[in-house]
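Encoded as structure tokens, the structure appears first; notes follow it.
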Amino acid sequence: MKLLSTSVFSAIITFVKISASFAASKVIAYFSGPIGVAVIGQFYSLTSIIVGFSNGGISTGVVKFTSEFEGNKFKQQQLISTALKLSSICAFFLSILVVCFSEVISKSLFESKNFKWPIVCFGLTLIFYAFNNVIISIINGKKQIKLYALVNCIGSIASLILTVFLVYRFKIVGALYALVVSQVTVFFITLWCVRKQEWLNLDIFKIPISKQLLSSLGQYSIMALVAAISLPLTQLILRNIIIQNGDLFSAGLWQGLIRISDGYLMIVTISLSTYFVPKLAGASDYIAKSEILNGYKIVLPFLIVVGASIYFLRFFVIRVLYTDDFFGMSELFVFQLVGDFIKIIGFFLGTLMVVRKLTRAYLFSEIAFNIIYISLSYYLVKINGLIGITYAYSISYSILLLYFLIFFRKLLFSKHEKY
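Written out as structure tokens, the structure is:
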């Protein structure tokens, strides 16, 4: 599997995902404005945190071991059985907690009981989120890129249709239900797409959980859980900082900005996640360095062109993706785009850290980064207003990149044997 061919399929996936995501954002922005976008952002962060827990954070480990066990049918089936059962257990207990505390969660996040029932609905459907993540990870690990693209594209289109319908009928509450219902729909679409795959059948559930695999997945679980929780939790805190120093409208502008960033960066992150996790599994320093440097040659020029285009066309981008109410975000683009560029440089090295199970170093980087990001945002937003959060973003990722470069200095700046 070559990076270029992987990137082509990833580009197809990403084009569909971005198109569907931005179309949904346009609908939400049209019917509810920046305030509605901010509310949706809060709910999305909540679901991201809980979904991270719902499958035990084992997705990266499942990708890696599925790739490693290629050719060993029993080991792969044992892995799938262990992953699905672990996800079932985690999702079950989390569902109970979410349903029982739905009113408390609604009051805490939205200062209202009105969003209790979308949260209850989300809790009751967690098992579908968890299973879908496991199946997608297996497809990725088996390098079935065409199938991976098909599942993601159909799922994105189905989610868009549901979002448009529910937002049109029920406005903000409809958007929350759309997030929940679309993910359940995506699971059944995924299940239909893999129905003929021999690696997925009911007999797999007869295979007992492997304690050895459980332990191995656990090493990835800690890292994945921290990553899955830290980003949405940080975004929840940052929105509150913006609201405290401004208002919900400003939080909606920032949410719109990060959706744009997430959209175009998805092209890169999906390509890298699809290609590098299986490729770097067990790779020597020589191969790892070669893959990373080759990746930079392809990705960084692309980011420069796309970033510059977004900046110079920012007013057009805002008008197309949102409404004129969002023009206030135009002054936020410069340092957000700089931060995006630095983020992707570090993403290569962070991926290597995860694949090599450098748990302590990775946990330190994630926790330290988010503490720095929140602290700088708190200080800079107070001084500079909303634009201060983009200053904090670019500075924080610069510090994280410096940490990665120091940590991998021998791999990056020393000569290695070819094999």
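For the sequence shown, my numbering gives the first residue as -16, with consecutive numbering after it. The beta-carbon is built from N, C-alpha and C at its ideal position, and this holds for glycine as well. If you're wondering where the values come from, they're calculated on a predicted model, not measured in any experiment.
Which of the three DSSP states, helix, strand or coil, is assigned to residue i?
i, result
"Thr217", "helix"
"Val82", "helix"
"Asn367", "helix"
"Trp175", "helix"
"Phe48", "helix"
"Tyr305", "coil"
"Leu403", "There is simply no residue 403 to check, as the chain begins at -16 and stops at 402 in what is shown."
"Glu94", "coil"
"Ala234", "helix"
"Leu38", "According to the sequence displayed, residue 38 carries Asn and not Leu. Looking at Asn38 - three-state DSSP - the assignment turns out to be coil, as it is neither helix nor strand."
"Pro261", "helix"
"Phe470", "Coverage of the chain is limited to positions -16 through 402, which leaves residue 470 absent and any answer about it impossible."
"Ala132", "helix"
"Ser199", "helix"
With a threshold of 16 other CB atoms inside 10 Å of the CB of residue i, please say whether the residue is buried or exposed.
i, result
"Ile372", "buried"
"Gly54", "exposed"
"Asn123", "buried"
"Tyr376", "buried"
"Lys179", "exposed"
"Lys393", "exposed"
"Cys73", "buried"
"Gln227", "exposed"
"Phe298", "exposed"
"Tyr305", "buried"
"Arg302", "exposed"
"Gln202", "exposed"
Just confirm the distance between the C-beta atoms of residue i and residue j, as a whole number of angstroms; I'd bet it's less than 8 Å.
i, j, result
"Val337", "Met206", "6 Å"
"Ile253", "Thr(-3)", "5 Å"
"Ile88", "Leu133", "About 35 Å; that fails the 8 Å criterion."
"Phe331", "Leu255", "7 Å"
"Leu320", "Gly368", "About 19 Å separates the two Cβ atoms, so there is no contact after all."
"Ala7", "Thr146", "4 Å"
"Pro101", "Tyr160", "5 Å"
Using a Cβ-Cβ distance under 7 Å, would residue i count as near chain D?
i, result
"Asn367", "The structure shown contains no chain D; it holds only a single protein chain."
Could you say if the segment 15 to 29 and the segment 152 to 159 meet the contact criterion of at least three C-beta pairs nearer than 8 Å? Yes: the two stretches touch, three or more of their Cβ pairs being nearer than 8 Å.
So, does the segment 108 to 118 touch the segment 33 to 44, judging by three or more C-beta pairs under 8 Å? With a cut-off of 8 Å, the segment 33 to 44 and the segment 108 to 118 count as touching, because enough Cβ pairs lie within range.
Determine contact between the segment 239 to 255 and the segment 303 to 322, defined as no fewer than three beta-carbon pairs at a distance below 8 Å. With contact defined as three or more Cβ pairs closer than 8 Å, the segment 239 to 255 and the segment 303 to 322 are in contact.
Count the C-beta pairs between the segment 129 to 144 and the segment 163 to 173 that are closer than 8 Å, then say yes if the count reaches three, no if not. Between the segment 129 to 144 and the segment 163 to 173 there are three or more inter-stretch CB-CB distances shorter than 8 Å, so the stretches are counted as touching.
Could you check whether the segment 193 to 201 touches the segment 61 to 70, counting it as contact only if at least three pairs of C-beta atoms, one from each stretch, sit closer than 8 Å? In the pairwise beta carbon analysis, the segment 193 to 201 is classified as touching the segment 61 to 70: at least three pairs are separated by under 8 Å.
Say whether the segment 338 to 352 touches the segment 374 to 391, bearing in mind that this needs 3 or more beta-carbon pairs closer than 8 Å, one atom from each stretch. Flag = yes, the segment 338 to 352 and the segment 374 to 391 touch.
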